[in-house]
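J.: Under this note's numbering, the letters of the sequence shown match residues 34 to 345, in that order. Even for Gly, the Cβ is constructed at its ideal location relative to N, Cα and C.
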Amino acid sequence: MKKKILVTGGAGFLGSHLCERLLDDGHEVFCLDNFFTGQKQNIVHLLSNPYFELIRHDITTPFYIEADEIYNLACPASPVHYQFNAIKTIKTSVMGSVHMLGLAKRIKAKILQASTSEVYGDPKVHPQTEEYWGNVNPIGPRACYDEGKRCAETLFMNYHDQNKVRIKILRIFNTYGPRMHPNDGRVVSNFVVQALKNENITIYGHGNQTRSFCYVDDFIDGMIGFMNTDDSILGPVNIGNPKEFTILDLAKKIIELTKSRSKIIFKPLPEDDPMQRQPDIGKIKDLTGWQPETPLEEGLKKTIKYFNDTLI
Ligand code: NAD
Ligand code: UDP
34 MKKKILVTGG AGFLGSHLCE RLLDDGHEVF CLDNFFTGQK QNIVHLLSNP
84 YFELIRHDIT TPFYIEADEI YNLACPASPV HYQFNAIKTI KTSVMGSVHM
134 LGLAKRIKAK ILQASTSEVY GDPKVHPQTE EYWGNVNPIG PRACYDEGKR
184 CAETLFMNYH DQNKVRIKIL RIFNTYGPRM HPNDGRVVSN FVVQALKNEN
234 ITIYGHGNQT RSFCYVDDFI DGMIGFMNTD DSILGPVNIG NPKEFTILDL
284 AKKIIELTKS RSKIIFKPLP EDDPMQRQPD IGKIKDLTGW QPETPLEEGL
334 KKTIKYFNDT LI
């Protein structure tokens, strides 16, 4: 069935891949973005499609449209960008969620929240299951993002319980791929850009902290699969690739794949930087059969090709 689907943050890294896939699946897509971290370049190839509509709007102010589904992705995701204007980041997660949930309630749309592994903070439980409540510093530099996203989850649950809004909460672990912003500040794009320019690779701390990296195409399959589960399935549900790497391993792998002359240098570890992160994906696997397919090396090669083609 052809659906009308609103994607907030649709010009960003994940949002642009989602818009593209939803159009390919035959749906009509409204892409809403304030272009804080999103780029026209990510969606320019979709503009000629008559079933694609681009709307410049900021979700901290109300918005009205008729749609069957809403994917709420609007929010800067890189620590550098979400800390640039911390108050705005909280407003985007909290007021933005209120506006999108109010819209979903009014038009009876199903709504998915792009939550994050950051709700687990610097986790004391490893790997992270959805039952774990997390270890977040409420007044630290990451709090505007972590606590904003935690409050958004609360709002989603409350709108479901009080107003019967059909909700889905997805906790996204580190995802990477083409269309990350070259100055995004996240680790994969930073290292790939540095390696391609033969500049120093900047490891924060000793590089023994871990992350688990999911390739964007796998992620999009999983997110749409979760949106399409029965209305009784609310989440929160983790999504990510459980294969865990140290940041030092990642740097070495990227140097090898790019055949770069870059040297690794060590910089101070940012405050509250989580030491380890690995999703338990048992729940989404049981619910949808989804699991990531793309090995890190294959995903990195595609990402390197993208930056090679667009940067240099
Ligand atoms: P991104 O920064 O590329 O995309 C976010 C988009 O939201 C951008 O296009 C930006 O311009 C837009 N935006 C920001 N504030 C807005 C506002 N107030 N109104 C309207 N648009 C606004 O980041 P991404 O990696 O594509 O992340 C998308 C979503 O997924 C975010 O909500 C993020 O928190 C979540 N997420 C991403 C990851 C990841 O690894 N990529 C991990 C966890 C959660
Ligand atoms: N990181 C790094 N060098 C960089 C960018 C990030 O060593 O140039 C580290 C960062 O300190 C963190 C990990 O890589 O430990 C992942 O950082 P990212 O910002 O990508 O995501 P998050 O910390 O939100 O998982």
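(1) Assuming Gly148 and Ile202 form a contact by the criterion Cβ under 8 Å, report the distance between their Cβ atoms to the nearest whole angstrom.
(2) Here's the rule: buried if 16 or more other CB atoms are within 10 angstroms of the residue's CB, otherwise exposed. What is Asn168?
(3) Can you tell me where the alpha helix (DSSP H) holding Asp342 begins and where it ends?
(4) Given the structure, does Tyr347 come close to the ligand UDP, in the sense that its CB is under 7 Å from one of the ligand's heavy atoms?
(5) Could you give the distance in angstroms between the alpha-carbon of Leu267 and the alpha-carbon of Asn231?
(6) Determine, using beta-carbon pairs with one atom in the segment 170-185 and one in the segment 321-339, whether at least three such pairs fall under 8 Å.
(7) Terminal residues of the continuous beta strand (DSSP E) containing Phe85?
(8) Taking DSSP as the reference, what is the three-state secondary structure of Glu99?
(9) Kindly confirm or deny that the segment 300-320 and the segment 153-162 touch, where touching means at least three C-beta pairs closer than 8 Å.
(10) What's the gap between the Cα of Met133 and the Cα of Ser295?
(11) What distance in whole Å lies between the Cβ atoms of Ile234 and Gln227, which are believed to be in contact at a cut-off of 8 Å?
(12) With hydrogens ignored, establish whether the beta-carbon of Ile280 is closer than 7 Å to any heavy atom of the ligand UDP.
(13) How about Asp194 and Gly154: do their beta carbons lie closer than 8 Å?
(14) Just the C-alpha distance for Asn271 and Ile317, rounded to the nearest angstrom, thanks.
(15) Measure the Cβ-Cβ separation of Ala142 and Ile103 and say whether it is below 8 Å.
(16) Could you give the C-beta distance for Lys138 and Tyr192, rounded to a whole number, given that I count them as a contact under 8 Å?
(17) In the DSSP assignment, find the unbroken beta strand (DSSP E) run with Lys316 in it and report its ends.
(18) Taking the straight line between their C-alpha atoms, what separation do you get for Glu330 and Phe252?
(19) Is Val220 near the ligand UDP - that is, is its Cβ less than 7 Å away from at least one heavy atom of it?
(20) How would you call Lys144, buried or exposed, if buried means at least 16 neighbouring beta carbons within 10 angstroms?
(21) Smallest Cα separation from Gln72: which of Phe189, Ala100, Asn82 and Gly42?
(22) Can you tell me which of the three DSSP states Ile280 falls into?
(23) For the segment 284-317, list the beta strand (DSSP E) runs that are entirely contained and at least 3 residues long, ordered along the chain.
(24) Hey, Phe224 and Ala284 are a contact pair by Cβ (cut 8 Å); roughly how many whole angstroms apart?
(25) What residue range does the alpha helix (DSSP H) around Lys197 cover?
(26) Do Ile98 and Cys64 count as a contact pair if the criterion is CB distance below 8 Å?
(27) From which residue to which residue does the alpha helix (DSSP H) around Asp66 run?
T.: This is what the structure holds:
(1) Translated into the one-based positions of the sequence shown, residue 148 becomes position 115. Translated into the one-based positions of the sequence shown, residue 202 becomes position 169. Note that residue 148 is Ser in the sequence shown here, rather than Gly. Right, the Cβ-Cβ distance comes to about 5 Å (below 8 Å), so this counts as a contact.
(2) What you label residue 168 is simply residue 135 of the sequence shown in a count that begins at 1. Its Cβ having fewer than 16 others within 10 Å, Asn168 is exposed.
(3) By one-based count along the sequence shown, residue 342 stands at place 309. Counting along the chain, the alpha helix (DSSP H) containing Asp342 begins and ends at Leu329 to Leu344.
(4) The chain is shown from 34 up to 345; residue 347 falls before or after that span and cannot be answered.
(5) Here residue 267 refers to the residue found at position 234 when the sequence shown is read from its first residue. Here residue 231 refers to the residue found at position 198 when the sequence shown is read from its first residue. So the alpha carbons of these two residues sit roughly 46 Å apart.
(6) no
(7) For the purposes of this step, residue 85 is taken as the residue at position 52 of the sequence shown. First-last of the beta strand (DSSP E) with Phe85: Phe85 to Arg89.
(8) Here the question's residue 99 lines up with position 66 in the sequence shown. Looking at Glu99 - three-state DSSP - the assignment turns out to be coil, as it is neither helix nor strand.
(9) Taking 8 Å as the limit for Cβ pairs, the verdict is that the segment 153-162 does touch the segment 300-320.
(10) As a working mapping, residue 133 is identified with position 100 in the sequence shown. As a working mapping, residue 295 is identified with position 262 in the sequence shown. Cα to Cα, Met133 sits roughly 44 Å from Ser295.
(11) Residue 227 sits at position 194 when you count from the first residue of the sequence shown. Residue 234 sits at position 201 when you count from the first residue of the sequence shown. Confirmed, about 5 Å.
(12) Position 247 of the sequence shown holds residue 280. Yes; taking the cut-off as 7 Å, the Cβ of Ile280 has a heavy atom of the ligand UDP nearer than that.
(13) To locate residue 194, count along the sequence shown from 1; it is residue 161. To locate residue 154, count along the sequence shown from 1; it is residue 121. Taking 8 Å as the Cβ cut-off, Asp194 and Gly154 do not qualify as a contacting pair.
(14) By 1-based counting over the sequence shown, the position of residue 271 is 238. By 1-based counting over the sequence shown, the position of residue 317 is 284. Looking at the two C-alpha atoms, the distance is approximately 7 Å.
(15) Along the sequence shown, read from residue 1 onward, the residue named residue 142 stands at position 109. Along the sequence shown, read from residue 1 onward, the residue named residue 103 stands at position 70. A contact, by the Cβ cut-off of 8 Å.
(16) Along the sequence shown, one-based indexing puts residue 138 at 105. Along the sequence shown, one-based indexing puts residue 192 at 159. The C-beta separation of Lys138 from Tyr192 comes to about 6 Å, placing the pair in contact by the 8 Å criterion.
(17) As a working mapping, residue 316 is identified with position 283 in the sequence shown. Boundaries for Lys316: no beta strand (DSSP E) harbours it, while the alpha helix (DSSP H) harbouring it runs Gly315 to Thr321, taken from the DSSP string.
(18) Walking along the sequence shown from the start, residue 330 turns up at place 297. Walking along the sequence shown from the start, residue 252 turns up at place 219. A straight-line Cα-Cα distance of about 16 Å links Glu330 and Phe252.
(19) Taking the first residue of the sequence shown as position 1, residue 220 is located at position 187. Yes, the Cβ of Val220 comes within 7 Å of a heavy atom of the ligand UDP.
(20) The sequence position of residue 144 within the sequence shown is 111, counting from 1. One point to set straight first is that residue 144 is Ile, not Lys, in the sequence displayed. Buried, since its Cβ has 16 or more Cβ neighbours within 10 Å.
(21) Taking the sequence shown and counting its residues from 1, one reaches residue 72 at position 39. Nearest C-alpha to Gln72: Gly42.
(22) Within the sequence shown, the letter at position 247 stands for residue 280. Ile280: helix per DSSP, three-state reduction.
(23) 297-300
(24) As a working mapping, residue 224 is identified with position 191 in the sequence shown. As a working mapping, residue 284 is identified with position 251 in the sequence shown. Their Cβ separation, rounded to whole angstroms, is 6 Å, which keeps Phe224 and Ala284 in contact under 8 Å.
(25) Here residue 197 corresponds to residue number 164 of the sequence shown, with the count starting at 1. Looking at the DSSP string, Lys197 is not in any alpha helix (DSSP H), and its letter there is neither H nor E.
(26) As a first step, residue 64 must be located in the sequence shown, where it is residue number 31. As a first step, residue 98 must be located in the sequence shown, where it is residue number 65. Not closer than 8 Å, so no.
(27) Taking the first residue of the sequence shown as 1, we reach residue 66 at position 33. No alpha helix (DSSP H) holds Asp66; the beta strand (DSSP E) holding it covers Glu61 to Asp66.
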